[in-house]
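>
There are 2 protein chains.
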Amino acid sequence: MSSPAHHVAYFPVEDLPTAEVDRLEELYGGLADAVRDLIDAAVTTDPPAELLAEAARVLTGLTEDLRVRQTDGALGVRHNGQGRTWSWGNAVIGPRNATAPPLEVVGPDEDGRVTAEVVLGPTHQDEPGVLHPGAAAKLLDHLMGVTAADRRRLTMTGTLTITHHRPTPLGPVSLAGWIAREEGSKVFVHAELADPDGVTVEAEGVFIIPRWARDAD
Amino acid sequence: MSSPAHHVAYFPVEDLPTAEVDRLEELYGGLADAVRDLIDAAVTTDPPAELLAEAARVLTGLTEDLRVRQTDGALGVRHNGQGRTWSWGNAVIGPRNATAPPLEVVGPDEDGRVTAEVVLGPTHQDEPGVLHPGAAAKLLDHLMGVTAADRRRLTMTGTLTITHHRPTPLGPVSLAGWIAREEGSKVFVHAELADPDGVTVEAEGVFIIPRWARDAD
Numbered sequence: 001m002s003s004p005a006h007h008v009a010y011f012p013v014e015d016l017p018t019a020e021v022d023r024l025e026e027l028y029g030g031l032a033d034a035v036r037d038l039i040d041a042a043v044t045t046d047p048p049a050e051l052l053a054e055a056a057r058v059l060t061g062l063t064e065d066l067r068v069r070q071t072d073g074a075l076g077v078r079h080n081g082q083g084r085t086w087s088w089g090n091a092v093i094g095p096r097n098a099t100a101p102p103l104e105v106v107g108p109d110e111d112g113r114v115t116a117e118v119v120l121g122p123t124h125q126d127e128p129g130v131l132h133p134g135a136a137a138k139l140l141d142h143l144m145g146v147t148a149a150d151r152r153r154l155t156m157t158g159t160l161t162i163t164h165h166r167p168t169p170l171g172p173v174s175l176a177g178w179i180a181r182e183e184g185s186k187v188f189v190h191a192e193l194a195d196p197d198g199v200t201v202e203a204e205g206v207f208i209i210p211r212w213a214r215d216a217d
Numbered sequence: 001m002s003s004p005a006h007h008v009a010y011f012p013v014e015d016l017p018t019a020e021v022d023r024l025e026e027l028y029g030g031l032a033d034a035v036r037d038l039i040d041a042a043v044t045t046d047p048p049a050e051l052l053a054e055a056a057r058v059l060t061g062l063t064e065d066l067r068v069r070q071t072d073g074a075l076g077v078r079h080n081g082q083g084r085t086w087s088w089g090n091a092v093i094g095p096r097n098a099t100a101p102p103l104e105v106v107g108p109d110e111d112g113r114v115t116a117e118v119v120l121g122p123t124h125q126d127e128p129g130v131l132h133p134g135a136a137a138k139l140l141d142h143l144m145g146v147t148a149a150d151r152r153r154l155t156m157t158g159t160l161t162i163t164h165h166r167p168t169p170l171g172p173v174s175l176a177g178w179i180a181r182e183e184g185s186k187v188f189v190h191a192e193l194a195d196p197d198g199v200t201v202e203a204e205g206v207f208i209i210p211r212w213a214r215d216a217d
């Protein structure tokens, strides 16, 4: 991502070399990965009551330790002068956010397609074995936002329409998005979510380039 | 919820007295609450590297302990013969799912309104301090599904349209949904998400009563 002036207020610049960003991401991401495993184990665990109480006690102590030193402010999108961006706390892609899968969004490629592959486990569940339709909407919203931004501008979700063709089973899913057309400040994005048997969810989104970002251009 | 025949396959009946369901929910919910606190602490922690590595090691051991005995199958919606339903693993309302807030959905009241109040912290974040629009969609989808089901039938999300009027800050939000109209197998639901200053997101949903559920009626 380039760093035009209008990005500075919204996406703070940090004077961290890319190698240091990578190192910290791996360090903190390792903790979040361990928390993700714990979340999955906890949702279907069925141990003796004593173990549950002991586990909760250990976790409370660990939480106190981690709270001793906290970063100031929120973990939003940041970037350095070398074209590296990071978004550690993000609800969908944040490697430090254990509630995020995290989704690894790839692209846009030379055809303008933005894609992601992810395996969705029991924490994304609605009915038994079925992906929560709201969880599908959450992932699609993010991928479509990346698609609309097209690596060169800031956009915000205006309207998102999600259509479910059939329930999506938990397990491996793939997402793909592309820009259908643009009109002034509006970017129209189409996206699909598919299980191994085909497309289960389609989405249309209108993403907005905010006036202040247009004015800065 | 009543237990007509067509619910049995989809929402398994368990022969657990309500008091025992409540006891287990508190027991397992306590572990998930401890995990939720840990997730929040981990997303913005900034401790010495040694503590991070030690925390990950402790968590890995705890995860192994919790995996020793796991429930069979998924934690979908269950109900007993006393009108108690539970949905422990659900991605939005599941008390045992540490990635769920969990949302406490209330109603419908006598005016048909279904509501929820929740404080959304840093794990629901997109830009700094701003609720991820996909996270808003996820919560709205679930509340609107409860609204459409109206305590008496099974419905599935067909189409969901989310319109953002302005970014929603992290913090306390309230949600409300109601049935706008019904046509055959389609239930049209309207919903809003508001911060303390007013409505930030509106949603329209078409929820479908599946054919097999209609036939069973």
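Sequence lines, in order, name chains A and B.
Per the working numbering, residue 1 is the first one in the first sequence, and the count goes up by one each step.
Per the working numbering, residue 1 is the first one in the second sequence, and the count goes up by one each step.
We put the CB at the ideal spot given by N, CA and C, even for glycine.
1) Would you list the one or two residues that DSSP bridges to A:H190?
2) Leaving out five residues on either side along the sequence, give the residues of the same chain with a beta carbon under 7 angstroms from the beta carbon of A:I208.
3) Give me whichever residues DSSP pairs with A:L160 in a beta bridge.
4) From B:T123 to B:V43, what does the alpha carbon distance come to, in whole angstroms?
5) Work out the CA separation of A:T18 and A:R84 for me, nearest whole Å.
6) Rounded to whole angstroms, what's the CA-CA distance from B:E182 to B:Y28? Just pull it up for me.
7) Flag A:H164 as yes if its beta-carbon sits less than 8 angstroms from any beta-carbon of chain B, otherwise no.
8) Please state the DSSP three-state secondary structure of A:E104.
9) Name the two residues that bound the continuous alpha helix (DSSP H) containing B:T230.
10) Any beta carbon of chain A sitting closer than 8 angstroms to that of B:T161?
11) So the candidates are A:V106, A:W86, A:V130; which of them puts its Cα closest to the Cα of B:P128?
12) Entirely within the stretch 1–67 of chain B and at least 4 residues each: give me those alpha helix (DSSP H) ranges in chain order.
13) Which residues mark the beginning and the end of the beta strand (DSSP E) in which A:L168 is found?
14) Using 8 angstroms as the threshold, is the C-beta distance between A:L38 and B:T63 below it?
15) Taking only beta-carbon positions, decide if B:P288 is within less than 8 angstroms of chain A.
16) What does the alpha-carbon distance come out to for the pair A:V119 and B:P47?
17) With a threshold of 16 other CB atoms inside 10 Å of the CB of B:P172, please say whether the residue is buried or exposed.
18) Count the other CB atoms, across all protein chains shown, that sit within 10 Å of the CB of B:A203; report buried if there are 16 or more and exposed otherwise.
19) Once the 5 residues before and after A:Q125 are set aside, which same chain residues still bring their CB inside 8 angstroms of it?
20) Thinking B:L193 and B:T168 are a contact (beta carbons under 8 angstroms), I'd like their distance in whole angstroms, please.
21) Going along chain B, which residues have a C-beta under 7 angstroms from A:I39?
22) Given the structure, does A:A149 come close to the ligand MG, in the sense that its CB is under 7 angstroms from one of the ligand's heavy atoms?
Reading off the structure:
1) Note: A:H190 sits in a beta bridge opposite A:W178, A:E204.
2) Excluding its 5 nearest sequence neighbours in each direction, A:I208 has C-beta neighbours in its own chain below 7 angstroms: T155, M156, G158, S185, K186, listed in chain order.
3) For A:L160, which the question treats as bridged, DSSP gives the partners A:G205, B:I162.
4) Between B:T123 and B:V43, the C-alpha separation is close to 7 angstroms.
5) Distance between the alpha carbons of A:R84 and A:T18 is about 6 angstroms.
6) Cα to Cα, the separation comes out at about 38 angstroms.
7) With 8 angstroms as the cut-off, A:H164 counts as an interface residue toward chain B.
8) Residue state, collapsed to three classes: coil.
9) Residue 230 of chain B lies beyond the stretch modelled for chain B, which goes from 1 to 217, so this question has no answer here.
10) True, the Cβ-Cβ gap to chain A drops below 8 angstroms.
11) Nearest C-alpha to B:P128: A:W86.
12) Taking only runs of at least 4 residues, the alpha helix (DSSP H) segments lying wholly in the stretch 1–67 of chain B are 5–8, 18–43, 49–67.
13) Note that residue 168 of chain A is Thr in the sequence shown, not Leu. It is not in any beta strand (DSSP E) - A:T168 carries neither H nor E in the DSSP assignment.
14) Cβ distance < 8 angstroms, so A:L38 and B:T63 count as in contact.
15) Since the displayed chain B opens at 1 and closes at 217, residue 288 of chain B lies outside it and no answer follows.
16) Taking the straight line joining both Cα atoms gives about 30 angstroms.
17) Exposed, since its Cβ has fewer than 16 Cβ neighbours within 10 Å.
18) Result: buried.
19) L131, H132, L170, listed in sequence order.
20) The Cβ separation is near 7 angstroms, so the contact holds.
21) Residues of chain B passing the Cβ test: V35, A98, T99.
22) In the structure shown, the ligand MG is absent, as is every other ligand, since no ligand is present at all.
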